[in-house]
Amino acid sequence: MKTEVSGWEPKIVAFLCNWCSYAGADLAGVSRFQYPANVRVIRVPCSGRINPFFILACLQHGADGVLVSGCHPGDCHYLSGNYSARRKFALLKRLLEYAGLEKGRVEFSWVSASEGGRFAEVIAKVTEMVKALGPARKLVKK
Amino acid sequence: MPDLSAKIREVVQKMLREQEVELVIGFEQGSMPLHSTPCFIRNEEDAQRLVWNSFCDNNLAKYLVKRPEKVAIVAKGCDTRAIVELIKEKQVPRDQVVIIGIPCQGMVDRRRIEAELELNEILEYEEQDNKLTLKGDGFTKTVNRDEYLYPCCQACPHKNPTTYDILIGDMVAEQAPDQYPDIAEFEAKPPEERWQYISGEVNKCIRCYACRNACPLCYCKECFVDKTHPQWIGKTTDTNDTFIFHLMRAFHLAGRCVECGACERACPMEVDIRKLNRKLAADVKELFGYEAGTSLDQIAPLATFRPDDPEEFMLGV
């Protein structure tokens, strides 16, 4: 069991949209903002590209947490990708928590290209939540 | 429940005689008592086979997709809801289907009758108003049909057809809108208990996909469970695979599930499938004000958006 290993660090997958959140992460780096090194970033064209399977596959195959981040409402490069995504995410998050998955394993946020500081804060918060929950146990492929 | 069989036959015969449609989908008596089975009628004489009783539980909308000919379909409330969704999803052209709407008084759960009454094999039955008389070797028992309805029929707020071309029978009184009390009650339990319950349910699953095959809204050419490139979920019956299968099966029906209960009736392992489907239906109603299959005009909830959609679930920093 992973819990028995001292100094456990969570693995968090962050799906960032190409136009806002990924650029926000880039800005955080360029600006030398510090944030926990627990995230593995996957760049996607738009938060609307996220298939719920991406999230479940991450949890099944070793991620302790998943973050999806896109452009703020109204800022989507494709005009409405994030609006459509928001409806999907609302239902998915509720469904997962209803089924008993811990609150905080799967999170969604908006980060724009100019919010490097906010990106660092979001990652810090997600990492802190996942650390408090401990390693993923549910849905994990044995 | 009034016997509408004669009336249905009459209407169907006329339709076939006048070549208004080529095919009629309805119910006929099954090979065993307490079973009615879908049937496909193409000529006038065969229309005599059509029946209507308390066991017409299949959702016939399942048979409408990819029909080359013009079809008439015998449809109760939930069937018409499924047809509405199929029309909206452009799977069934509206002008290619004649809906023979029938107000429904709920269908009877034969599994429950057999289990709860502990009778020997039922060989015959008769139905009059809301009384069911069951006969077998050395016994005759009369029960009230309304006490043995399927769970989905008990809470059903759309017993009457939501859309139809021909109506047979009188409209029945509708119940109050479903407030999903069972879902609220389940949600009030601690997360770990919910996890244990659903894990237990999905653990029964043998991945036969009968639920998918029976669902009137599952018509994808290639289902996600059959996909191998990429293979989204493993093919095993391990809890993590079956759990993800059931989550995603339900999610694919978000805002589309008409709660006909076909999945649960088809399930050989009696998995509590509707526990997930009803949660999504409740959320879609609460968040987006949409109820599947009730209107031909309202856009499907996941095909549209409002700029002010709720987003209190998003991470605030």
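Top to bottom, those sequences are chains A and B.
Here the first sequence is numbered in this note's numbering, starting from 1 and rising by one per residue.
Here the second sequence is numbered in this note's numbering, starting from 143 and rising by one per residue.
Beta carbons: idealized from backbone N, C-alpha and C, even for Gly.
Nothing here was measured: the structure is a model prediction, and the numbers come from that model.
Against chain B, the beta carbon of PHE53(A) has neighbours under 9 Å at PHE366, PRO372, TRP374, ILE375, ILE386, MET390, listed in chain order. Between THR384(B) and ARG336(B), the gap from beta carbon to beta carbon reaches 9 Å or more. In terms of Cα proximity to LEU418(B), the closest of GLY435(B), TYR432(B), CYS399(B) is CYS399(B). Taking C-alpha positions only, ILE255(B) is separated from LEU276(B) by approximately 10 Å. With a cutoff of 9 Å on beta-carbon distance, CYS298(B) and CYS357(B) are scored as not near each other. In this structure, DSSP gives PHE119(A) a helical state, which the three-state scheme calls helix. Contact between the region 114 to 133 of chain A and the region 92 to 100 of chain A is absent, with fewer than three C-beta pairs closer than 8 Å. Per DSSP, GLN155(B) is one residue of the alpha helix (DSSP H) stretching across 147 to 159. CA-to-CA, the gap between PRO443(B) and HIS72(A) works out to about 21 Å. If you draw a straight line from the Cα of ARG191(B) to the Cα of PRO175(B), it is about 15 Å long. In the same chain as TYR361(B), and ignoring 5 residues on each side of it, the C-beta atoms closer than 7 Å to its own belong to VAL207, GLN233, in chain order. Chain-ordered, the chain A residues with CB closer than 7 Å to the CB of ALA396(B) read LEU91. When the alpha-carbon of MET390(B) is set against those of ASN51(A), LEU27(A), ALA25(A), the nearest one is in ASN51(A).
Assigned with DSSP and collapsed to three states, GLN171(B) falls in strand. Close partners of ASP221(B) in chain A (Cβ separation under 7 Å) are lacking, with about 25 Å as the shortest Cβ gap.
For PRO332(B), no alpha helix (DSSP H) run applies, since DSSP gives it neither H nor E.
Of the residues assessed, ASN82(A) falls on the buried side of the cut-off, its CB having 16 or more other CB atoms within 10 angstroms. At a cut-off of 9 Å between beta carbons, VAL140(A) contacts chain B.
Within the region 208 to 236 of chain B, the complete alpha helix (DSSP H) segments at least 4 residues long are 219 to 230, listed from N- to C-terminus. Residue environment for ARG40(A): exposed (fewer than 16 other C-beta atoms within 10 angstroms of its C-beta). Assigned with DSSP and collapsed to three states, THR179(B) falls in strand. Burial is judged here by how many other beta carbons sit within 10 angstroms of a residue's own beta carbon; MET313(B) has fewer than 16 and is exposed.
Shown here for PRO180(B): same chain residues with a beta carbon closer than 7 Å to its own, the five before and five after excluded, namely ILE167, PHE169, ASN200, LEU202, TYR205 in chain order. Look at the beta carbons and you see the region 143 to 163 of chain B touching the region 236 to 243 of chain B: at least three pairs across the two are nearer than 8 Å. Residues of the region 332 to 344 of chain B with a C-beta atom less than 7 Å from some C-beta of chain A are PRO333, GLU334, ARG336, TRP337, ILE340, listed in chain order. In chain order, PRO333, GLU334, ARG336, TRP337, ILE340 make up the part of chain B whose C-beta sits under 7 Å from the C-beta of GLY100(A). Along the region 302 to 334 of chain B, the positions whose C-beta sits under 7 Å from a C-beta of chain A are GLU329, PRO333, GLU334, read in chain order.
LYS421(B) sits buried, since 16 or more C-beta atoms from the chains shown fall within 10 Å of its C-beta. Contact between the region 284 to 292 of chain B and the region 260 to 267 of chain B is absent, with fewer than three C-beta pairs closer than 8 Å. Within the region 114 to 130 of chain A, contact with chain B at the beta-carbon level (separation under 8 Å) is assigned to ARG118, GLU121, VAL122, LYS125, VAL126. With respect to MET456(B), PHE108(A) sits close: the two C-beta atoms are nearer than 9 Å.
LEU438(B) places its beta carbon 9 Å or farther from that of THR282(B). Closest by C-alpha distance to HIS177(B), out of VAL226(B), GLU269(B), ILE225(B), ALA224(B), is GLU269(B). For PHE89(A), no beta strand (DSSP E) segment is defined; the enclosing uninterrupted segment is the alpha helix (DSSP H) at 81 to 98. Residues of chain B with a Cβ closer than 7 Å to the Cβ of ALA57(A) are, in chain order, TRP374. Minimum Cα-Cα distance from GLY48(A) among the listed residues CYS17(A), VAL66(A), PRO36(A) corresponds to CYS17(A).
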